[in-house]
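Per UniProt numbering, the very first residue in the sequence shown carries number 1; after that it's consecutive. Each remark here refers to the structure printed beneath this line.
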Amino acid sequence: MPFSYVSHLTCPKCKRTYSVRKKQQLCFCGSPLLVEYQLEELKKNLSPTDIGEREPSLWRYHELLPIKSADHIVSLGEGMTPLIPTPKLGRNLSIPNLYIKDEGTIPTGSFKARGAAVGISKAKELGIRELAMPTNGNAGAAWALYAARADMKATIVLPVDAPTITRAECSISGAKLHLIHGRISDAGKIVAQMVAEKGIYDVSTLKEPYRIEGKKTMGIEIAEQFNWKLPDVILYPTGGGVGLIGIYKSFKELQNLGWIQGRLPRLVAVQSTGCAPIVKAWKEKKNSSEFCTNSTTVAFGINVPKALGDFLVLEAIYQTDGCAVAVDDDMMLQEQKRVASLEGLFICPEGAATIAAARVLRENGWIQEQETVVALNTGLGLKYPNTVQIDTPVLLED
Ligand SMILES: *Cc1c(COP(=O)(O)O)cnc(C)c1O
Ligand SMILES: [Zn+2]
């Protein structure tokens, strides 16, 4: 049996196809490329019960990942994060069946490790030795650390305002780090220039096709953790939207395999009011977003003024009868505190945004009380110590 059932790459816009045996970036038409698998073949050879016995990492789904040989896997044990019932928080929100899928427990401290593990492994399989990327912090940290493990050179371009710890992660891994005054979109322009001059592999969000394959494993895990019966709603903090696109893609694949039945979960893209291009586009029923100027939010991972894959995010929302919601930083930080004090989970501001959005959607009736809801916590609260107001302790004299 093949290790992977990967077939080829397809452009979701113009339908051109490309080989997975060569380095690929965007389609000729400028669109990101998506990975296709031989699902009809796989369906005959694999069932969900076969997977149950495997090691608890995202590599348990290797048939649905693009790496052809196990020898090329670069892993730090990523994946199979806990799906944590949060009954006290759920009662507070009037959503008793609320779960948090906690990506804070993953290597490098954010779910970006999933994309990095699969992206770097595939880059290794393709013989790539050097890469560059713009980042808001967590992706750069993850790719820098996985690149180190794979003996690859990494150049990371990062806004100076990004969480300091992510800068430390890039630096300690030995990556070449450039700090800029500006946003991830400005960092992206610098990387594009570097890549054009030096022919380095550009691993910017969706400019290589494999990061999304790593992130889609969140969707497969959710399905498996619910015993292949999906929840009603999934809330995702959306920047570039790779996770949301990936989760939707994984559900389509699982449907084609016959491993899941019925309606898909309604996917919710959660953004900050300080940067909400997807929410605006969704409200206007558009299929792509406009650049958001002067964007700002404490939830750094979702400060993305214009996502290359915006049309794919919007498609995933429309196709699942989902929606898009913006919440402000105060709401996020309040929920962050509530989640820690009620459930003991120190989630990141991006993760807290999904809880704030769940509250809004429950209050306006979009989420019903009996529905099963999964909120994704995409990273560790410990990575953002400055967002927490520490109550001053009172010292008692004796
Ligand atoms: C990058 C990031 C996001 C957004 O992820 P996308 O898939 O690009 O939308 C959310 N939360 C955290 C903590 C992040 O680092
Ligand atoms: Zn195309």
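Each residue gets a CB set at the ideal place from its N, CA and C atoms; glycine is no exception.
Keeping to the same chain, check which residues put their C-beta closer than 8 Å to that of Lys306; ignore five residues upstream and five downstream.
-> For Lys306, the CB contacts under 8 Å within the same chain, skipping 5 residues up- and downstream, are Ser185, Pro277, Ser289, Glu290, Phe291 and Cys292 in chain order.
Check whether Ala353 and Val327 have beta carbons under 7 Å apart = Yes, the Cβ-Cβ distance between Ala353 and Val327 is below 7 Å.
Same chain, Cβ closer than 7 Å to Thr297, five either side skipped, listed in chain order = Within the same chain, and ignoring the five residues on either side of Thr297 in sequence, the residues whose Cβ sits closer than 7 Å to its Cβ are Ser272, Gly274, Cys275, Asn303 and Asp329.
Do Gly31 and ligand 2 come close, with the Cβ less than 6 Å from some heavy atom?
-> Reading off the sequence, residue 31 comes out as Ser, not Gly. Yes, since a heavy atom of ligand 2 falls inside the 6 Å radius drawn around the Cβ of Ser31.
For Ser47, the nearest candidate out of Leu345, Ile317, His72 and Trp228 (CA to CA) = Nearest of Leu345, Ile317, His72 and Trp228 to Ser47, Cα basis: Trp228.
For Leu361, does the three-state DSSP call read helix, strand or coil?
-> Correct three-state label for Leu361: helix.
In terms of residues, what are the limits of the alpha helix (DSSP H) holding Glu125?
-> Glu125 -> alpha helix (DSSP H) spans Lys112 to Glu125.
Since I believe Leu177 is in contact with Ser171 (beta carbons under 8 Å), could you give me their beta-carbon distance rounded to a whole number of angstroms?
-> The C-beta distance from Ser171 to Leu177 rounds to 6 Å, short enough to fall under 8 Å.
Whole angstroms is fine: what's the gap from Ile355's alpha carbon to Glu197's?
-> Approximately 43 Å between the Cα atoms of the pair.
In the DSSP assignment, what are the bridge partners of Asn377?
-> Its beta-bridge partners are Asp102.
Buried or exposed for Phe28, please, with buried defined as at least 16 other CB atoms from any protein chain shown within 10 angstroms of its CB.
-> The C-beta of Phe28 has fewer than 16 other C-beta atoms within 10 Å across all chains shown, which makes the residue exposed.
How would you call Gly199, buried or exposed, if buried means at least 16 neighbouring beta carbons within 10 angstroms?
-> By the 10 Å Cβ count, Gly199 comes out exposed.
Is Ile302 near ligand 3, judged by its Cβ being under 6 Å from some heavy atom?
-> Among the ligands in the structure shown, ligand 3 does not appear; only ligand 1 and ligand 2 can be found there.
Select from Ile234, Phe251 and Gly240 the residue whose C-alpha is nearest the C-alpha of Ile367.
-> Out of Ile234, Phe251 and Gly240, Ile234 has the C-alpha closest to the C-alpha of Ile367.
When burial is assigned at 16 or more other CB atoms within 10 Å of the CB, is Leu333 buried or exposed?
-> Leu333 is buried by the Cβ-count criterion.
DSSP puts Ala223 in a beta bridge; with which residues?
-> Bridge partners of Ala223: none, in fact.
Name the one or two DSSP bridge partners that Lys285 has.
-> Lys285 is not bridged to any residue.
Under three-state DSSP, which class holds Asp50?
-> In the structure shown, Asp50 sits in a helix (DSSP, three-state: H, G or I).
Residue of Glu397, Thr378, Glu363 and Ile390 minimising C-alpha distance to Ser94 = It is Glu363 whose Cα lies nearest to the Cα of Ser94.
In the DSSP assignment, what are the bridge partners of Gln271?
-> According to DSSP, which records beta bridges pairwise, Gln271 is partnered with Ala326.
Between the beta-carbon of Leu244 and the beta-carbon of Ala192, is there less than 7 Å?
-> No. Outside cutoff.
To the nearest angstrom, report how far apart Val270 and Tyr318 are at their CA atoms.
-> So the two alpha carbons sit approximately 14 Å from each other.
Mapping DSSP to helix, strand and coil, what is Glu130?
-> Strand at Glu130.
Spatially closest choice to Ala147 from Ala168, Ser173 and Ile165, by CA coordinates = The shortest CA-to-CA distance from Ala147 to any of Ala168, Ser173 and Ile165 is the one to Ser173.
Ser110: beta carbon under 6 Å from a heavy atom of ligand 1?
-> At least one heavy atom of ligand 1 is found less than 6 Å from the C-beta of Ser110.
Closer than 6 Å: is that where the CB of Val327 sits relative to any heavy atom of ligand 1?
-> No, the Cβ of Val327 stays beyond 6 Å of every heavy atom of ligand 1.
Inter-residue spacing [alpha-carbon to alpha-carbon] between Val325 and Gln370 | Whole-angstrom Cα-Cα distance: 21 Å.
Does DSSP classify Arg266 as helix, strand or coil?
-> Note: Arg266 maps to strand in three-state DSSP.
Taking Gly301 and Glu350 to be in contact with their CB atoms under 8 Å, please state how far apart those CB atoms are, rounded to whole angstroms.
-> The pair is a contact, with the Cβ atoms about 5 Å apart (cut-off 8 Å).
Work out the CA separation of Tyr99 and Ile84 for me, nearest whole Å.
-> Computed Cα separation, rounded: 5 Å.
Enumerate, from N- to C-terminal direction, the unbroken beta strand (DSSP E) stretches of 3 or more residues contained entirely within the segment 7–70.
-> Fully enclosed beta strand (DSSP E) runs of no fewer than 3 residues occupy 34–37 of the segment 7–70, in order along the chain.
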